[in-house]
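One structure is given here, and the rest of the page talks about it.
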Amino acid sequence: MTFRTGSDEETAAVGAVIAERITPPAVVMLIGDLGAGKTTLAKGLVAALGAAPAEDVLSPTFSLVHEYEGDPKVYHLDLYRLETVPEVETLGLEDLWDQRAVVIIEWGEKFDLALPGDRLEVHLKHGDGDSRIIRLISGPAAQPL
Ligand SMILES: Nc1ncnc2c1ncn2[C@@H]1O[C@H](COP(=O)(O)OP(=O)(O)OP(=O)(O)O)[C@@H](O)[C@H]1O
Ligand SMILES: [Mg+2]
């Protein structure tokens, strides 16, 4: 499934589409360059899950993990600043996979093998101007949704 968005709002709306398609426990990996719109999409996803208003969702670049108490609980991770698998292991992410939660991960592809294969991948690319091309791929076999 592929979307082309022309604004922050449209990218956040793709997050809402994803919210309707996932059933917790779920892992959503957001994959794309700096500024591709990962955090913007995460805002829409967290808001549509009812875990927090979009404006309260800030990039976890420095804190690594943000937790939103909702039903389901939502975790938003940004692994950009980490470099090694042992560093990732110190976060104790196994505890997250065991919960009935939605775990949203930016820059997780750096540590592919340390993360669950059963996941929804969201690939974001810059298009012309402010446009973004967003592709959803589900599961370990990377079958298009
Ligand atoms: N169509 C669009 N969709 C999403 N963001 C857009 C769009 N057009 C412009 N932008 C701008 O691009 C930037 C996207 O930033 P965002 O923090 O979401 O990216 P990111 O992929 O999370 O980056 P990082 O890798 O640094 O975490 C914002 O400044 C946003 O306003
Ligand atoms: Mg980001």
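Note that our numbering has the sequence shown beginning at -5, numbered continuously upward. Ideal Cβ placement from N, Cα and C applies to all residues, glycine included.
query: Excluding the five sequence neighbours on either side, which residues of its own chain have a C-beta within less than 6 Å of the C-beta of E140, listed in chain order?; result: Because the chain spans -5 through 139 in this model, residue 140 falls outside it and cannot be assessed.
query: Consider the C-beta atom of T(-1) and the heavy atoms of ligand 1; say whether any pair is separated by less than 7 Å.; result: yes
query: Is L90 near V82, with beta carbons less than 8 Å apart?; result: no
query: When we look at the beta-carbon of T84 and count the other beta-carbons within 10 Å, is it buried (16 or more) or exposed?; result: exposed
query: Tell me whether Y69 counts as near ligand 1, meaning its Cβ is closer than 7 Å to at least one heavy atom of that ligand.; result: no
query: Return the CA-CA distance between E63 and A45, expressed in angstroms with no decimal places.; result: 6 Å
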